[in-house]
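Trainee: I am attaching a structure below and will ask some questions about it afterwards.
There are 2 protein chains.
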Amino acid sequence: MPTPLDQLNANRDAAVDRLTALLRIPSVSTDPAYASDVNAAADWVADHLRASGLDARIMPTAGHPVVYAATTDDQVTNPDAPRLLFYGHYDVQPPDPIDKWTTPPFEPTVRDGSLYARGASDDKGQIMCFLEALRAYHDAAPGSASKLPCHVTVLIEGEEECGSVNLPAFIEQYEDLLRADVAVVSDTSMWDAHTPAITYALRGLLYFDIQLHGPSRDLHSGVYGGTIPNPATILTQVLGNLFDENHRVTIPGYYDHVQPLTDDERQLWQRLAFNERNYLNAIGLAQGFGETGYTTLERRWSRPACDINGLYGGYGGEGAKTVIPSFAGAKVSFRLAADQQPDHIADAFNQWLNDQPTHGLTWKITEHGRAYPAAVPTDSPWIAAASKAIEHAAGRPPVLVREGATIPVIGDFKRLLDLDSLLIGFGLNGDNIHSPDEHLGLDRFHLGCQTHAALLQQIANTP
Amino acid sequence: MPTPLDQLNANRDAAVDRLTALLRIPSVSTDPAYASDVNAAADWVADHLRASGLDARIMPTAGHPVVYAATTDDQVTNPDAPRLLFYGHYDVQPPDPIDKWTTPPFEPTVRDGSLYARGASDDKGQIMCFLEALRAYHDAAPGSASKLPCHVTVLIEGEEECGSVNLPAFIEQYEDLLRADVAVVSDTSMWDAHTPAITYALRGLLYFDIQLHGPSRDLHSGVYGGTIPNPATILTQVLGNLFDENHRVTIPGYYDHVQPLTDDERQLWQRLAFNERNYLNAIGLAQGFGETGYTTLERRWSRPACDINGLYGGYGGEGAKTVIPSFAGAKVSFRLAADQQPDHIADAFNQWLNDQPTHGLTWKITEHGRAYPAAVPTDSPWIAAASKAIEHAAGRPPVLVREGATIPVIGDFKRLLDLDSLLIGFGLNGDNIHSPDEHLGLDRFHLGCQTHAALLQQIANTP
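For the record, the sequence lines run as chains Z and L.
Taken in order, the first sequence gives residues 1 to 463; the numbers are from the working numbering.
Taken in order, the second sequence gives residues 464 to 926; the numbers are from the working numbering.
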């Protein structure tokens, strides 16, 4: 009887074909036009779990559904083994700008050993690593001999790319269905193409749409220019106040609770020999920029950030249109460092906006998501088990890293289920996630499948 | 023999019928679908001039043609009389949204004493005032007795509503055909329904598209946030520096050449009793805003303005997308006050942009139009002549006003032909120009015809 790892090695192409099928479904969660595709992706994932012998369910939320499955005692070699909760998401970012893709975003194409498609790396390619590991256990053993070495609960949501707004309520509602000993999340990156990593801390996220409203209609800028508050002009003045000369956010209290960087971490990170020039070259920049007093890696991993993600209002087409817009807006988001409180920062930002001079213009503020930052202890037995699994599959041990991005569920698992998470991912910074030509190296996809198969065994061995 | 004013009084209905015929032609200049209609309108105007005894020509440009006519010495009572150059445009704005019109835009209809149609006020109704005045001189005197009191050159273009892009080249090419002593432009408004006005100054216009470019693609704001210069963030910081706390533009030298407002003008404008509350109420605002030290009317008529006409870049759709945009842009325009030099301001703005800290991001700056401000002396004999003509026709003297908007040809006449312009118009702010249900009061149309007839006589008498 082949081992699950043998099974994975012998069926690489079939696994890639299944991933390709999932990538063809344009499950863009933020745009209602794709709602039926989002449902189709959930169905596809549930069907894959059922083909692996699990009793998968599509569970509704106020938004897009969750795909859920959990082992029963008779599906596990040792019913007393620990329970691993696997989390991922089947939804994807919008593909815009579509004309910048070399091949269409929902027609997966292999080039130079990588699979190109929206979601290839974030996160369909990564959830399929875990789902293929489960399948390998099922396919390696015939019929009733098919058992997993530890308990597994699978939770795959469809709203990660639009802020996971309904997931906290889902977790609270189904707390009993989600009890586990450790969570495993595969939505992060390797340190580099040869060095796997375990991520032990993530930043949180707050996202706002802020609009400044003024005249009841667009106005002729010749007739009215200079006499009334122009919403686009005043918006830039307000946003221009958001940073001081050290590129620190000026919102009162913004840095109050930020977990300070320790000397130990600073030294560990220096040893990682982060290649800043490569990091910048890869995105066409010659120089970095950020908060004074920190290196690029420190800013990314341990400091909060604030970004304008979009600007809109008035005329943005070709040529000239001499209007004063009736309103202007911006998408403004905050990446929260460990121990920053989303509620506190959201209140402080709202207060700050309302304290800005707007000369009679009025705010329309909409919040799109509130995610807690997360940091787990680096000396836990789960991290030891994951390290062993990675070393087994990759032939070398992982490095311990943080990430600047956000996986809202990590904070929710901790807060609502008191559950620590292992972040084991196979992406790379060059995967163009959220951008045109997103892709995943097929060698990393295979490494991910093998690692998760080994991880199930290591979790089973954890006391 | 009837006077030209008698002739106009006796034939009001025929003049309205002719205006109606011209308004039936959908001469929308910006839309190629209407090209043959634009030509038909030019032909119609040329035919009308010929019926008035003038040798009209259709003169091609790189775009839509110009209708041109000029008196010869034998057509003028006194061949040594001054020459008046009349300017207007026979093209119209698109009629969209068509479903908002009470009656179809190209089926002129009289309601409550006003004629409703696209172009009724802007500018067919206004050019017909002048063309009917010419016709009245012709029809009042039989055969060879038909002479005009002064020389007249007629220049009616077909591209005003799409930026008059080919007109400056036309003026340069036909400089000799366009020599005149004074220009008369009928494309402005009365002060109110009972008070005619002469507009003696307009603001100029500079329009820029400025883009700040950074990373080679949109980036994930979690992975990169806080470590690189965000084009949208830096753009707002730059634009936030554009005004000081008195809402004065901070570009060095920006106010250097602005013609100061005189005490006389301030007092004259106070006597106009501008109703600021009505002005703001009509656009849904409770308060005005602008440069410290000036009233709303002073800001609008005599001070330069700078407006952001549009903001774009990154994600502007519904919901959230956590990108750092690869670039962000703004449309930025300047309304130039009298004596401000467009070349000087354009250079100063470019310099100012390049002096702003952009942290390695680069500018892409595109200019879309450069129009000179215009101001003619209020003590000129031409204004005196026009005032007399208006008083004769309206029974009350005009007020002297400025306008905040721009008519590029006024600056071109001054720059290329050293020609001052009289702006005598019969529109009202409530005429819905560029909007559905555009209209012109027939009493104002008749007043315009009479005024121009009287003006020709007054110009003849000007030493």
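Here a beta-carbon is modelled for each residue, glycine too, at the ideal position from N, C-alpha and C.
1. Return the chain-ordered list of same chain residues with a C-beta closer than 8 Å to the C-beta of G576 of chain L, the five sequence neighbours on each side being excluded.
2. Assuming contact is defined by CB atoms lying nearer than 8 Å, are F243 of chain Z and G823 of chain L in contact in what I supplied?
3. M128 of chain Z lies in the alpha helix (DSSP H); which residues open and close that run?
4. CB-CB under 8 Å to L219 of chain Z, same chain, minus the five flanking residues each way: which ones, in chain order?
5. For the segment 234 to 265 of chain Z, which residues have a beta carbon sitting closer than 9 Å to at least one beta carbon of chain L?
6. Taking R217 of chain Z as the query, report the chain L residues whose CB atoms sit under 9 Å from its CB, ordered along the chain.
7. Who are the near neighbours of V617 of chain L in its chain, counting only those whose CB is closer than 6 Å to its CB and skipping five residues on each side?
8. In chain Z, which residues lie less than 8 Å from I787 of chain L when you measure between Cβ atoms?
9. Can we count H683 of chain L as close to the ligand NAD, meaning its CB is less than 7 Å from some heavy atom?
10. Under a CB-based cut-off of 8 Å, is Q750 of chain L close to chain Z?
11. Can you tell which of L:V539, L:P467, L:M464 and L:D506 has its C-alpha closest to the C-alpha of A484 of chain L?
12. Counting only Cβ pairs nearer than 9 Å, list the residues of chain L close to R111 of chain Z.
13. Pick out the complete beta strand (DSSP E) segments inside the segment 191 to 273 of chain Z, 3 residues or longer, and give them in chain order.
14. Roughly how many angstroms separate the alpha carbons of S186 of chain Z and I808 of chain L, rounded to a whole number?
15. Can you list, in chain order, the residues of its chain with a C-beta nearer than 7 Å to that of P94 of chain Z? Leave out the 5 residues immediately preceding and following it.
16. How many Å lie between K827 of chain L and E291 of chain Z at the Cα?
17. Leaving out five residues on either side along the sequence, give the residues of the same chain with a beta carbon under 8 Å from the beta carbon of A544 of chain L.
18. Comparing C-alpha positions only, which one of Z:P304, Z:T103 and Z:V332 sits nearest to G776 of chain L?
19. Does the beta-carbon of G516 of chain L have 16 or more other beta-carbons within 10 angstroms, so that it is buried, or is it exposed?
20. DSSP on C613 of chain L, reduced to helix/strand/coil?
21. Do you know how far the Cα of A286 of chain Z is from the Cα of Y90 of chain Z?
22. Taking C-beta pairs closer than 8 Å, name the residues in chain A that E291 of chain Z reaches, listed in chain order.
23. How is the alpha helix (DSSP H) around C874 of chain L delimited, first residue to last?
24. Using beta carbons (cut-off 8 Å, strictly below), is K784 of chain L in contact with chain Z?
25. Under the three-state reduction of DSSP, which class applies to A385 of chain Z: helix, strand or coil?
26. Assign I561 of chain L to one of two classes, buried (16 or more other C-beta atoms within 10 Å of its C-beta) or exposed (fewer than that).
27. Using Cβ-Cβ distances below 9 Å, what residues of the segment 412 to 443 of chain Z are close to chain L?
28. Which word fits N230 of chain Z, buried or exposed, when buried means at least 16 other C-beta atoms lie within 10 angstroms of its C-beta?
29. Pull up the distance between the alpha-carbon of G782 of chain L and that of D209 of chain Z, whole angstroms please.
30. Using a Cβ-Cβ distance cut-off of 8 Å, determine whether N465 of chain Z contacts chain L.
31. What's the gap between the Cα of A136 of chain Z and the Cα of P436 of chain Z?
32. How about the segment 564 to 573 of chain L and the segment 877 to 896 of chain L: do they share at least three Cβ pairs that are nearer than 8 Å?
33. If you pair each beta-carbon of the segment 722 to 739 of chain L with each one of the segment 248 to 261 of chain Z, do three or more pairs fall below 8 Å?
34. How would you call E635 of chain L, buried or exposed, if buried means at least 16 neighbouring beta carbons within 10 angstroms?
35. Any C-beta of chain Z sitting closer than 8 Å to the C-beta of Y670 of chain L?
36. Where does T362 of chain Z fall in DSSP's three states?
Mentor: Quick look at the numbers:
1. The sequence position of residue 576 of chain L within the second sequence is 113, counting from 1. Within the same chain, G576 of chain L has close Cβ partners G904, L905 and D906.
2. For this step, residue 243 of chain Z is matched to residue 243 along the first sequence. For this step, residue 823 of chain L is matched to residue 360 along the second sequence. Not a contact, by the Cβ cut-off of 8 Å.
3. To locate residue 128 of chain Z, count along the first sequence from 1; it is residue 128. M128 of chain Z -> alpha helix (DSSP H) spans K124 to A140.
4. As a first step, residue 219 of chain Z is located in the first sequence; it is residue number 219 there, counting from the start. I228, V323, I324 and S326.
5. Only those residues of the segment 234 to 265 of chain Z whose C-beta falls short of 9 Å from the nearest C-beta of chain L are listed: I234, L235, T236, Q237, V238, L239, G240, N241, L242, F243 and H247.
6. Counting from 1 along the first sequence, the entry for residue 217 of chain Z is found at position 217. What R217 of chain Z touches in chain L: I746 and G747.
7. Stepping through the second sequence from its first residue, residue 617 of chain L is reached at position 154. These residues qualify, in order along the chain: A532 and F549.
8. Here residue 787 of chain L refers to the residue found at position 324 when the second sequence is read from its first residue. D307 and N309, listed in chain order.
9. Of the ligands one can find in the structure shown there are none, so the ligand NAD has no counterpart to examine.
10. Walking along the second sequence from the start, residue 750 of chain L turns up at place 287. True, the Cβ-Cβ gap to chain Z drops below 8 Å.
11. Numbered from 1 along the second sequence, position 21 holds the residue referred to as residue 484 of chain L. Of the listed residues, the one whose Cα sits closest to A484 of chain L is L:D506.
12. Taking the first residue of the first sequence as position 1, residue 111 of chain Z is located at position 111. Result: empty, since nearest Cβ-Cβ is about 17 Å, beyond 9 Å.
13. 197 to 202 and 204 to 213
14. For the purposes of this step, residue 186 of chain Z is taken as residue 186 along the first sequence, with counting starting at 1. For the purposes of this step, residue 808 of chain L is taken as residue 345 along the second sequence, with counting starting at 1. Cα atoms of S186 of chain Z and I808 of chain L: separation of roughly 55 Å, rounded to the nearest angstrom.
15. Translated into positions along the first sequence, residue 94 of chain Z becomes position 94. Closer than 7 Å at the Cβ level, and outside the excluded window around P94 of chain Z, lie V28, T30 and D31.
16. As a first step, residue 827 of chain L must be located in the second sequence, where it is residue number 364. As a first step, residue 291 of chain Z must be located in the first sequence, where it is residue number 291. If you take the alpha carbons of K827 of chain L and E291 of chain Z, they lie about 26 Å apart.
17. Translated into the one-based positions of the second sequence, residue 544 of chain L becomes position 81. Result list for A544 of chain L: P612, C613, H614, I922 and A923, in chain order.
18. In the second sequence, counting from the first residue as 1, residue 776 of chain L sits at position 313. Closest option to G776 of chain L, Cα to Cα, is Z:V332.
19. As a working mapping, residue 516 of chain L is identified with position 53 in the second sequence. So G516 of chain L counts as buried.
20. Within the second sequence, residue 613 of chain L is the residue found at index 150, counting from 1. Coil, per DSSP.
21. Working through the first sequence from its first residue, we reach residue 90 of chain Z at position 90. Working through the first sequence from its first residue, we reach residue 286 of chain Z at position 286. Whole-angstrom Cα-Cα distance: 35 Å.
22. Note that chain A does not occur in the displayed structure, where the protein chains are Z and L.
23. Position 411 of the second sequence, counted from the start, is the residue given in the question as residue 874 of chain L. A small correction: the amino acid at residue 874 of chain L is Gly; Cys does not occupy that position in the sequence shown. Element bounds for G874 of chain L: P871 to L880.
24. Along the second sequence, one-based indexing puts residue 784 of chain L at 321. Output row for K784 of chain L: interface = yes.
25. Working through the first sequence from its first residue, we reach residue 385 of chain Z at position 385. DSSP places A385 of chain Z in helix when its eight states are reduced to three.
26. By one-based count along the second sequence, residue 561 of chain L stands at place 98. Exposed, by the Cβ-count rule.
27. Look at the segment 412 to 443 of chain Z: the residues with a C-beta under 9 Å from a C-beta of chain L are N429, N432, I433, H434, S435, P436 and D437.
28. For the purposes of this step, residue 230 of chain Z is taken as residue 230 along the first sequence, with counting starting at 1. Classification of N230 of chain Z: buried, given that the 10 Å Cβ count is 16 or more.
29. Counted from its first residue, the second sequence places residue 782 of chain L at position 319. Counted from its first residue, the first sequence places residue 209 of chain Z at position 209. Straight-line Cα distance between these residues: approximately 8 Å.
30. A query on residue 465 of chain Z cannot be resolved here, the shown segment of chain Z reaching from 1 to 463 and no further.
31. Taking the first sequence and counting its residues from 1, one reaches residue 136 of chain Z at position 136. Taking the first sequence and counting its residues from 1, one reaches residue 436 of chain Z at position 436. In a straight line, the C-alpha of A136 of chain Z is about 32 Å away from that of P436 of chain Z.
32. no
33. no
34. For the purposes of this step, residue 635 of chain L is taken as residue 172 along the second sequence, with counting starting at 1. Its Cβ having fewer than 16 others within 10 Å, E635 of chain L is exposed.
35. One-based indexing of the second sequence puts residue 670 of chain L at position 207. It does; some Cβ of chain Z falls within 8 Å.
36. Translated into positions along the first sequence, residue 362 of chain Z becomes position 362. DSSP places T362 of chain Z in strand when its eight states are reduced to three.
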